[in-house]
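Residue 217 in the working numbering sits at position 226 of the sequence shown, and the numbers go up by one each step.
So the structure is just underneath, and the comments pick up after that.
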Amino acid sequence: SDIFSKLLSNYKPSLIITATPGFDSWEAEIILLSKRACIPTVAINFSWDNLTMNSKHIRKTDYLVAWNGIMKKEAEDIHKYIPEKIWVSGVPRFDPYFSNDFKSSREEFLKSKKLNPKYKTIFHTTVTKAYPFQKIYIRDLVTMRANGEIPYVNLFVRIHPLDIFENYGEFLGIPDLYIEKAGREIFVGGTKKIEMSHDDLLNLKSSIQYTDLNINYASTISIESCIFNKPIINIGYIDRFALAYEFNHYQPIYKSGAVRLAKNNDELAKFINMYLNDPAIDSENRKGIVEKFVSFTDGLSYQRSVDFLADILKN
């Protein structure tokens, strides 16, 4: 790679850092080229499913920063990382959840979303555009609310950064339903990208904190909802998509009892009513998820990651 050779010549790096251990093709290329140039590499592993569900993409780095002990063990057992070359930092992108940066009240926040603070609020979060069936569940929620199968609640829908906002146009204008796209679009070299800013993370923090329960499809949002001890309902109507709850990374969440898996509309309504009536149900199981998967709740995971990089450079 001529481009990589020029970068080496201009900057003479002592260490090369990637966001994942090769999940994106350009990261894989950088890792392989760095090895050829005898420059050590470290992955700040951004997502919890890379080492298992996405393991075929992995290009092993010299060092790895992991969220927790579970991911550290996966790196050792599956990818044969040397234990001494793995650091556990906590989850840097969760750090804003433990800060006091955003101090609006529940009432102020819900009003800013055009939602009525006198109602309880269901927070429904989508995943990527690969799963177009998601809007079916939003329709179901609107119908359940209208038919009295569940209480009259606010419906707050957050569209995943890699989902298509325009697919949900049918829900715009429905009373007490707010829909927003996560992140903001930017253009880098003529290519559209989605950037998740610090403000967007704070917005997500308030979205979880000031709503009453979360509905999602096998999403990282389940862990984030556990941080705020909010009830979680997972969706699993369609057989081939229900398999997601058997994936290595998500199975411990599902089997922990921290979430309830709704396999049809009747179960969805039942779990919504159950949690709205008593949000303490499954609370201890949710706390267990935080202990196992989040590890650190001091908001300093970013600092540990930086300190580990300093340790690597000393070596």
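We put the beta carbon where it would ideally sit given N, CA and C, even for glycine.
Of the listed residues the options, nearest to residue i (C-alpha basis)
| i | options | result |
| --- | --- | --- |
| G174 | D190, F262, S197, K26 | D190 |
| D273 | K254, T52, V33, F219 | F219 |
| S(-8) | L42, R27, P12 | R27 |
| V118 | L304, K246, N225 | N225 |
| P166 | T202, T43, K105, F114 | K105 |
| E20 | D40, I(-6), G180 | I(-6) |
| L23 | N36, I8, R149 | I8 |
| F156 | I170, I77, N41 | I170 |
| V82 | Q294, K109, K305 | Q294 |
| V148 | Y266, L259, T112, S16 | T112 |
| R84 | Q200, S292, E98, K305 | S292 |
| Y201 | S5, S25, S103 | S103 |
| P222 | I35, Y266, E176, A34 | Y266 |
| I77 | I35, K120, S210, N268 | I35 |
| Y128 | L234, E75, A260 | A260 |
| N381 | D203, K196, D154, K94 | The chain is shown only over -8 to 306; residue 381 falls outside these bounds and no answer can be derived. |
| L197 | P74, F14, K94 | Sequence check: residue 197 is Ser here, not Leu. It is K94 whose Cα lies nearest to the Cα of S197. |
| N239 | V33, S(-4), W39 | W39 |
Straight-line Cα distance separating residue j from residue i
| i | j | result |
| --- | --- | --- |
| F162 | N194 | 21 angstroms |
| N264 | I141 | 6 angstroms |
| A137 | Y143 | 8 angstroms |
| E237 | L(-1) | 43 angstroms |
| K64 | K71 | 9 angstroms |
| Y208 | Y245 | 11 angstroms |
| P31 | P12 | 13 angstroms |
| N205 | F114 | 5 angstroms |
| K278 | C217 | 6 angstroms |
| I212 | L192 | 12 angstroms |
| F299 | V56 | 8 angstroms |
| S247 | V281 | 11 angstroms |
| E186 | H151 | 12 angstroms |
| S80 | S296 | 6 angstroms |
| R100 | K172 | Looking at the sequence shown, residue 100 is not Arg but Phe. Using only the alpha carbons, I get a separation of about 16 angstroms. |
| F178 | K184 | 6 angstroms |
| E67 | T134 | 48 angstroms |
| L168 | T182 | 32 angstroms |
| E215 | I199 | 8 angstroms |
| N276 | N268 | 18 angstroms |
| S5 | D302 | 13 angstroms |
| G164 | L132 | 15 angstroms |
| S96 | P108 | 10 angstroms |
| A10 | A271 | 36 angstroms |
| A233 | K47 | 22 angstroms |
| V250 | W17 | 36 angstroms |
Simplified DSSP assignment, three categories, for residue i
| i | result |
| --- | --- |
| R50 | coil |
| I129 | helix |
| H115 | strand |
| A173 | coil |
| F178 | strand |
| V285 | helix |
| A249 | coil |
| L(-2) | helix |
| I218 | helix |
| L192 | helix |
| L42 | coil |
| L106 | coil |
| A57 | strand |
| I155 | coil |
| P83 | helix |
| Y243 | In the sequence under discussion, the amino acid at residue 243 is Pro, which differs from the Tyr named in the question. Helix at P243. |
Chain C within 7 angstroms of residue i, Cβ atoms only
| i | result |
| --- | --- |
| P31 | No chain C is part of this structure, which consists of one protein chain only. |
Residue range of the beta strand (DSSP E) that includes residue i
| i | result |
| --- | --- |
| I150 | 145 to 150 |
| I165 | Note, I165: premise wrong, no beta strand (DSSP E); not H, not E. |
| E186 | 182 to 186 |
| I8 | 7 to 9 |
| I226 | 223 to 226 |
| L204 | 204 to 207 |
| V79 | 77 to 79 |
| A34 | 32 to 35 |
Alpha helix (DSSP H) segment containing residue i, residue limits
| i | result |
| --- | --- |
| I141 | Here I141 belongs to no alpha helix (DSSP H), and DSSP marks it neither H nor E. |
| W17 | 16 to 27 |
| V297 | 292 to 305 |
| R97 | 97 to 103 |
| N276 | 274 to 280 |
| L267 | 256 to 268 |
| K71 | Segment: none, K71 is in no alpha helix (DSSP H) and carries neither H nor E. |
Residue i CB to nearest heavy atom of the ligand MN below 6 angstroms
| i | result |
| --- | --- |
| D131 | Of ligands this structure carries none, so the ligand MN is not represented either. |
Measuring CB atoms only, is the segment 285 to 305 touching the segment 42 to 61, in the sense that at least three cross pairs come out at less than 8 angstroms?
yes
Three or more beta-carbon pairs under 8 angstroms between the segment 114 to 133 and the segment 77 to 91, yes or no?
no
Does the segment 42 to 59 touch the segment 250 to 267, meaning 3 or more C-beta pairs lie closer than 8 angstroms?
no
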